[in-house]
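Novice: Here's a structure for you.
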Amino acid sequence: MTRYRKHITKENSALRSGRFIHSLDKQLEIRPHDISLIQRHSRPLEKIISAFIPVLEKHLNQSPDINASLERQCIDANALAVEFSGYMNDALRPQENKNYSRWATSIASLFKAIAIETPALLGIYSLFLQFTQQNIYQDKYILATEKLGLFSSLTKILFRDMGIQLFQEWQHRDNKSLLDHDKIVHTLENIPHLLWSVDPVNKKIIFRSPHPDNCYSIVTHSPIPYFDKISAHDKKLLLQAWDKCILGQATEVECEVSDGGIYNKWFRHIFTPHIDVHGKVARIDGVSEDITTKRNTLVELQSLATKDVLTGLANRTLFSDQLTQAIKQAKKSSTDKVAVILVDIDRFKEINNTLGHQAGDALLTTTAQRLSAIKNGAFLARLGGDEFALFMIGVNIEEKSRLLTSKIETCFTHPFNYNDNELYLNASIGISIFPEHGDSVESLLRCADVAMYSSKRYEGVYRFYSAEDDPYSHLKLQLANELHDAISRQQLQLYYQPKINMATGRIEGVEALIRWLHPTKGIVLPEQFLPIAESAGYMNTITDWVITEAVKQTAIWYESGYHLRVAINLSGRVFQDPRLARRIEKKLADINVPAQCFEIEVTENELMNDIEDASKTLRALSKLGISIAIDDFGTGYSSLSYLKKLPLNTLKIDKSFVIDMTNDESDAVIVRSIIDLAHNLGRRVVAEGIEDKETWELLSILGCDGAQGYFISHPLPVSEFNQWISIAPWNLNDQKIEE
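At position 364 of the sequence shown the residue is numbered 358 (our numbering), and the sequence of numbers has no breaks.
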């Protein structure tokens, strides 16, 4: 294409001076914001321009006049399309007016040199504008809130370019034959805007461009297009904008146009006043753009931004906005309160992993439908994953939230059906109240979340927020700070509770139980401070201390001839550490203690949180020779699958079944079933919580292997435990520990 550059003429003096371009910029209201917006989106625009090359090539080949000109000049349509795209890339970069005018002159001269007239060039601009509009609104990397502004800025720049082309053409032709009328009409018909001028004094239309029937079929002949088709509200806004323009101020307004319900469109009007030498508005020029598609797209995007795609419920963003308004309303009232209810589906991850995400999505959709049916005026949203939230405002809100929560619980009493599977689900529910538990969206959601996790611990019973359950309450925050230095100040101590072999009546092992000897609060039990330690990130440090102390004490007893297997409890988070087995192996090796003297206890629920990672750690520990026990058995999943597959040695029956088994036949049946199950699978059984002789004897009859509880001994510090051994009625088992 460079051989055609010799045809490029010197730029016009008016263009060289930049006065004409300055005038165009003023009339089209091209501002620094427009240039900045285009520059910020230069990369997606470059991609769009590049994608336009084959479209333009096809257009050039299919246009008889243009194609004939290209053949006469031996020009390849693709080369011209590439050249035009290069000019477009240059045009959308901020430039000085004189450089820009040189660019505009050169592209016009280039097309003129190969006998392509300005109307055809304007047609190419129109094609480019339509192509760009479509791609901008489909580009997912351009923010939805900026798409309309970007296309508007781009339109202004391209109108400026077209103005320059027309200006140069007028400079080189006789005023009587500036442009062929039919070609101009054809070009204007393909511009997706209505251009018009009005004499505001006589209220007459001076000029109105042709318009595509499919876009502007409801245009009327009033000075303001389709004025009689506009709603009363929008008509008022439009008249206000028109009055400002008559006073000499450029204005812009959007309004809805309807012809009685069949036709419904949105238009954007730009009114530009032209002031004569006397300072009067002599003419008003207008541009009307059909923005129906853009507006619908924005409405759809706004809906996507505030709605959950899967369930159609409000999402977290909309929930937060609405809850903010409810809190403001309640603050103005002396009686109104706000209740926030958080609903979390239990075992949802297990369903996803077992049946697949399609099943999970189906269950979430059904849950949303059931909750929608019973919400009774509460605002319902899906916050994400398997978590739903509701809020309500009013008086007696505590009682109302209890009633609604009862209805929520009924949503989970009926089975969920998926592919002929009947699935029974439970939900954990937490409730927080404004103003007692917080005065902001964040604080109320956090408190409801604390209550919801407390509900999980209480096996699905809904819970109101309580500072007792909150790991971040003021009291617990103070304990967390003090716990940080508890190890260095030697305030942590291990207590030991013996385990008895029921067949021999001898001590076979002990369970190490941590205690915090607080300087002012006395003995703090693990259930009071371990959740704080876990939330504060201290569990790894505490676990290392427990392992070290337990291994040291095991070594002392072993050297003294006491062959006791020492058991320690591990939390789920620590247990899932892939380095756990190596850490314990190193401790045993450093202190020279046989692995058979050590036992790890983990609860069912913690084990099932991540069964895959947990099973790897279990196998690594078992390979070392360490015994594995499942604590609190019977309160969690009790899955035969993991009992069969995992390297488990012992099942510890939860004390809730043992304590009252002599009085409650149901508990006795459960205990007997667990013992039979364990023995059939080749596992030992230890019963916790034995507090009297009757329970001991019943467990012995049922064939229980081991016993632990206050009937034998309370947990004791090591000094008292050593004294207890010497006087205990239980003979110490001096034989080697069975592997």
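The beta carbon of each residue, even a glycine, is placed where N, CA and C say it ideally should be.
Should MET446 and SER422 be called a contact, given that it needs their Cβ atoms to be closer than 9 angstroms?
Specialist: Yes, the pair counts as a contact, with Cβ atoms nearer than the cut-off.
Novice: Determine the closest residue to ALA527 out of VAL275, GLU283, LEU477, with distance taken between C-alpha atoms.
Specialist: Ranking VAL275, GLU283, LEU477 by Cα distance to ALA527 puts LEU477 first.
Novice: Excluding the five sequence neighbours on either side, which residues of its own chain have a C-beta within less than 7 angstroms of the C-beta of THR149, listed in chain order?
Specialist: LEU123
Novice: Classify GLY628 as buried or exposed, calling it buried when 16 or more other Cβ atoms lie within 10 Å of its own Cβ.
Specialist: buried
Novice: Taking Cβ to Cβ, would you say PHE428 is nearer than 9 angstroms to LEU439?
Specialist: no
Novice: To which residues does DSSP link GLU283 through a beta bridge?
Specialist: In the DSSP output, where bridge partners are listed per residue, GLU283 has HIS187, ARG262.
Novice: Taking just the CA atoms, how far does ILE335 sit from ASP743?
Specialist: With the chain covering -5 to 733 only, the question about residue 743 has no answer from this structure.
Novice: Please list the terminal residues of the continuous beta strand (DSSP E) segment that includes GLU248.
Specialist: 245 to 252
Novice: Roughly how many angstroms lie between the CA atoms of VAL587 and LYS515, to the nearest whole one?
Specialist: Cα to Cα, the separation comes out at about 35 angstroms.
Novice: Return helix, strand or coil for LEU374, following the three-state DSSP convention.
Specialist: strand
Novice: Pair every Cβ in the segment 695 to 706 with every Cβ in the segment 671 to 679, then say whether three or more of these pairs are closer than 8 angstroms.
Specialist: yes
Novice: Taking DSSP as the reference, what is the three-state secondary structure of ILE526?
Specialist: helix
Novice: Who are the Cβ neighbours of LYS394 in its own chain at under 8 angstroms, not counting the five residues just before and after it?
Specialist: ALA333, MET386, GLY388
Novice: Leaving out the 5 sequence neighbours to the left and right, which residues in its chain are closer than 7 angstroms to ARG613 when beta-carbon positions are compared?
Specialist: PRO641
Novice: Under the assumption that ILE158 contacts LYS141 (Cβ atoms under 8 angstroms), give the Cβ distance between them as a whole number of angstroms.
Specialist: Contact flag wrong, Cβ pair sits at about 26 angstroms.
Novice: Which word fits SER713, buried or exposed, when buried means at least 16 other C-beta atoms lie within 10 angstroms of its C-beta?
Specialist: By the neighbour-count criterion, in which a residue is buried when 16 or more other Cβ atoms sit within 10 angstroms of its Cβ, SER713 is exposed.
Novice: Using the Cα positions of ALA320 and ILE684, report the straight-line distance between them to the nearest angstrom.
Specialist: 53 angstroms
Novice: Kindly identify the DSSP beta-bridge partner or partners of GLY782.
Specialist: The chain is shown only over -5 to 733; residue 782 falls outside these bounds and no answer can be derived.
Novice: Which residues mark the beginning and the end of the beta strand (DSSP E) in which LEU336 is found?
Specialist: 331 to 339
Novice: Going residue by residue through the segment 614 to 657, where are the continuous beta strand (DSSP E) segments of at least 3 residues, counting only ones entirely within it?
Specialist: 621 to 627, 644 to 647
Novice: Looking at the strands, I want to know which residues DSSP matches up with GLU381.
Specialist: ASP338, GLY378
Novice: Can the beta-carbon of ASP222 be found less than 9 angstroms from the beta-carbon of ALA276?
Specialist: no
Novice: Below 8 angstroms, can you find three or more Cβ-Cβ pairs linking the segment 545 to 552 to the segment 492 to 499?
Specialist: no
Novice: State the Cα-Cα distance for the pair ALA367 and LEU419, rounded to the nearest angstrom.
Specialist: 18 angstroms
Novice: Given a cut-off of 9 angstroms on the beta-carbon distance, is the pair TYR490 and ALA480 in contact?
Specialist: no
Novice: Measure from the alpha carbon of ILE339 to the alpha carbon of each residue in SER460, LEU137, SER449, then state which is nearest.
Specialist: SER449
Novice: Looking only at DSSP bridge pairs, what is HIS268 linked to?
Specialist: ARG277
Novice: Taking VAL76 as the reference, give the member of ILE60, ILE43, ASN55 with the closest Cα.
Specialist: ILE43
Novice: Quick check on DSSP: helix, strand or coil for ASP193?
Specialist: Assigned with DSSP and collapsed to three states, ASP193 falls in strand.
Novice: Would you give the residue range spanned by the alpha helix (DSSP H) that ILE321 belongs to?
Specialist: 310 to 325
Novice: So, at 8 angstroms on beta carbons, what are the nonlocal neighbours of ALA235 in its own chain, with the 5 sequence-adjacent residues on each side left out?
Specialist: THR245, GLU246, VAL247, HIS263, PHE265
Novice: For LEU116 versus PHE78, is the C-beta distance shorter than 9 angstroms?
Specialist: Contact flag unset, no.
Novice: Under the assumption that ILE508 contacts LEU488 (Cβ atoms under 8 angstroms), give the Cβ distance between them as a whole number of angstroms.
Specialist: With 8 angstroms as the limit, ILE508 and LEU488 qualify as a contact, their Cβ atoms being about 6 angstroms apart.
Novice: Apart from the five residues on each side of it in sequence, which residues of its chain come closer than 6 angstroms, Cβ to Cβ, to SER147?
Specialist: ASP28, LEU31, ILE32
Novice: Is ARG483 helix, strand or coil by DSSP?
Specialist: coil
Novice: Determine the extent of the beta strand (DSSP E) in which LYS198 is found, giving its start and end residues.
Specialist: 198 to 202 is the span of the beta strand (DSSP E), which, as asked, contains LYS198.
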